[in-house]
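Okay, structure first, notes after.
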Amino acid sequence: MRRLVRACYTGTGGYSYAKKADDVAREHGFDRVARLASNENPRPPSPAALEAAEAALREGNRYPDERASALVEALRRYHGDYRFVTGAGMDGVIETVIRTVVEPGEAVVVSTPTFSFYGIAAAAHGARVVNAPRREDFSVDPAGFVEACRGVKLAFLCSPNNPTGNSVPIEDVEAILEGMDGLLFLDNAYVDFADIDYRPLMRRYENLVLGRTMSKIFALAGFRVGYAFVPAWFEPFYQRAATPFALNSVSMAAGAGALADTEQVRETRDHVREWRRRFLEEVPFKVYPSDANFVMIDVGPHTGDEAVARLAAKGVLVRSCTSFPGLGSHYIRVCIGEDWENIRFLEAIKNL
């Protein structure tokens, strides 16, 4: 029966997950490990989010609002009067945008090295993935990116970029938008930790989608709440392509509740920025400056896989970057955790 499976799934491939914290703890005899591999927020969700989610549970016998009206209104109160669409995490939004725009066999451009799911999702929809490599310092060459996008309907650009952590200057994004005929999906999953704001571009460009998630600064990774700023012309087509009731009622309620707790957002941002600074100053390997809630570290002469294994033996779980297309084998990605997790990491990396 294997012959029934599509060729792209019969070999290697698929999303590469970090090792489970419980598995590392059992293997190395720790009561708990520092979970710094998945760019999570170490804080629990806001009490306002949990209260709203609990209330929504009582109506779990009903289908959710297919337009996520309460969540969209909360997003407008938080961001301003923009058009929004939602999905089951950023991944769900990415898949729906691809489904809306790309025919099987057409090309999708991805700025690499970056989050692997863009290419995985594009291939899953029958698209041909074209990688547009970043410069040696991981900055984006706008002219080169535009050239790769000629005749292409959809391109993906991540800023701040996962796993390198750097942001694309607004003027470079503008140059790309001016130069390309298709749609640019600008992934802003980590932009809440940066001093850059791409939202005003939505007022000027009809070929821009800004992807966002509530998994990071809003601490709702387990709820899978994704959304995007979209141009008005695109919204009805996205809604037609979307999986019915993809975002559940509990997640929508939690998202609306979290958006109201601006104090927790501020505290999380301050915590991340302080520890980013300390990682940059105290890690005895090259640490790349980051605008996100993680840093990328060159652990050469070790490989990323070797560093992950050695740190795991010390009770610290980080991510090897070997699975990121276009990146070398000697990098790891480390997110900002709780104070005790960050301290344990610093102690471990100094004795790598």
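Just so we're aligned: the sequence shown equals residues 0 to 351 in numbering that gives the first Met the number 0.
Glycine included, every Cβ here is placed at the ideal spot set by N, Cα and C.
How big is the Cα-Cα spacing for GLY10 and MET0? 15 Å
If distances are taken between C-alpha atoms only, which option among ARG42, LEU49, VAL23, ASP21 comes closest to MET251? LEU49
Is THR111 helix, strand or coil when you go by DSSP? strand
Check whether the Cβ atoms of VAL101 and VAL109 lie closer than 7 Å to each other. no
I need the DSSP call for ASP297, collapsed to helix, strand or coil. strand
What do you reckon, are the CB atoms on TYR62 and PHE244 nearer than 7 Å? yes
Compute the distance between the beta-carbons of VAL333 and VAL294, then report whether it is under 7 Å. yes
Cα separation between ALA27 and ALA311? The sequence given here has His at residue 27, not Ala. In a straight line, the C-alpha of HIS27 is about 8 Å away from that of ALA311.
Minimum C-alpha distance to GLY86 - residue among VAL315, GLU234, SER328: GLU234
In whole angstroms, give me the CA-to-CA distance for ALA54 and ALA253. 10 Å
Go through the stretch 124-209 residue by residue and report every complete run of the alpha helix (DSSP H) that reaches 4 residues or more, in order. 141-147, 169-178
Please look up how many angstroms separate the CB atoms of ILE97 and HIS124, rounded, as I've assumed it's under 8 Å. 5 Å
My assumption, with CB atoms under 8 Å, is that ARG211 sits in contact with ALA188. Please give the rounded CB distance. 7 Å
Can you round the beta-carbon distance between SER37 and SER115 to whole angstroms, since I take them to be within the 8 Å contact cut? 14 Å between Cβ atoms; not a contact.
Count the other CB atoms within 10 Å of the CB of PRO46; is the residue buried (16 or more) or exposed (fewer)? exposed
When ILE216, GLU346, ARG275 are compared against ASN40, the one with the closest alpha-carbon: ILE216
Express the C-alpha separation of PHE144 and THR111 in angstroms, rounding to a whole number. 10 Å
Let me check one thing: in DSSP terms, what residues is SER319 bridge-paired to? ILE331
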